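Colleague: Residue numbers (this note's numbering): 4 to 176. Glycine is no exception: its CB is placed at the ideal position from the N, C-alpha and C atoms. The structure presented is a predicted model; accordingly, all values stated were derived computationally and were not measured.
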Amino acid sequence: PAKIPKLKLPKDRQYVVRLMAPFNMRCKTCGEYIYKGKKFNARKETVQNEVYLGLPIFRFYIKCTRCLAEITFKTDPENTDYTMEHGATRNFQAEKLLEEEEKRMQKEREEEELNNPMKVLENRTKDSKLEMEVLENLQELKELNQRQANVDFEAMLKQYKEYEEEQKRKEQE
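#1: Measuring straight from C-alpha to C-alpha, what distance separates V50 and K14?
#2: By DSSP, does V20 sit in helix, in strand, or in coil?
#3: Where does L71 fall in DSSP's three states?
#4: Taking the DSSP output, what are the residues bridged to V54?
#5: When DSSP labels each residue in this structure, what does D130 get in the three-state scheme?
#6: Would you mind sorting T78 into buried or exposed? The rule is 16 or more other CB atoms within 10 Å of its CB.
#7: Using three-state DSSP, classify F76 as helix, strand or coil.
#8: Report back the beta-carbon spacing between K47 and Q17 to the nearest angstrom; my notes put them in contact at under 8 Å.
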């Protein structure tokens, strides 16, 4: 076996893999919606000359379920997501927009705090008030759970048996 020469495989070799659509998309040729989680037999290849922090980037080729047009997308390890290349358009994602909005708000707040020292104090007081409210709500929930946890199941069973016996006596009379 050591004397047998190794097979020289090309670097851009494609493998057939079974994968699920990572996001909702719409085919550009026929308009078919392809939902997240739809299973495909896809071709997978490593993208040449594209690496992010030593991680290889993969490209996937799938076919539309209606018109068999080719749709391609790549992995995006920088954002832990996928990027659409061609063949389809990615549908609206509320989670991504919400995340971007939160980042923008945080950035604005940090810029305000850098320019205005009074704003830093105001934000700290707001944060501490919010934290106090959260702690109070948590304490109330703990107390409520404690009250509900004091149920004596033995007494309940005993009371139920007495009730059944009373019902039997009434039936016999």
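Modeller: With the given structure in hand:
#1: Take the alpha-carbon of V50 and the one of K14: they are about 9 Å apart.
#2: Strand at V20.
#3: Of the three classes helix, strand and coil, the one that applies to L71 here is coil, per DSSP.
#4: In DSSP, V54 forms a bridge with P59.
#5: Note: D130 maps to helix in three-state DSSP.
#6: So T78 counts as buried.
#7: Looking at F76 - three-state DSSP - the assignment turns out to be strand.
#8: Taking the Cβ atoms as the reference, K47 lies roughly 7 Å from Q17, within the contact range of under 8 Å.
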